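Visitor:
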Amino acid sequence: MIKRICLITPPSIFLLDERVFMTLGILKVAAVLEQAGIQVEMLDLSGVENYEEVVRDHVRNGS
1173 MIKRICLITP
1183 PSIFLLDERV
1193 FMTLGILKVA
1203 AVLEQAGIQV
1213 EMLDLSGVEN
1223 YEEVVRDHVR
1233 NGS
């Protein structure tokens, strides 16, 4: 069985600038999980105003 996880950076009113990058903490967690053989997806919602739609599309597409 393939182990999969989706890590989400939640939306924030302080991160509405398109120049904001994903925090290193969540990237480090993703790296450790990948080294353990777990398939990791990352969903960055910082700077996204319509985050509910983005999450809905992500779940529907099974991405």
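Start counting at 1 in the sequence shown, then tack on 1172, and there's your number in this note's numbering.
For glycine and all other residues, C-beta sits at the position ideal for the given N, C-alpha and C.
Keep in mind the model is a prediction, meaning the values are calculated, not measured.
#1: Determine the closest residue to asparagine 1222 out of Arg1176, Gly1197, Ile1185, Lys1175, with distance taken between C-alpha atoms.
#2: Considering just the uninterrupted stretch of the alpha helix (DSSP H) at valine 1220, what are its terminal residues?
#3: Please report how far the alpha carbon of serine 1218 lies from the alpha carbon of isoleucine 1180, in whole angstroms.
#4: Does the distance from the CB of valine 1220 to the CB of valine 1212 come in under 8 Å?
#5: Starting from the C-beta of cysteine 1178, find all residues in its chain whose C-beta is less than 7 Å away, skip the five residues before and the five after it, and write them out in chain order.
#6: Use the C-beta contact count for proline 1182: other C-beta atoms within 10 angstroms, 16 or more gives buried, fewer gives exposed.
Guide: According to the structure data:
#1: When Arg1176, Gly1197, Ile1185, Lys1175 are compared, the shortest CA-CA separation from asparagine 1222 is found for Ile1185.
#2: Segment: none, valine 1220 is in no alpha helix (DSSP H) and carries neither H nor E.
#3: In this model, serine 1218 and isoleucine 1180 are separated by some 9 Å (Cα to Cα).
#4: No. Outside cutoff.
#5: Here the set comprises Glu1213, Leu1215.
#6: Exposed: under 16 other Cβ atoms inside 10 Å.
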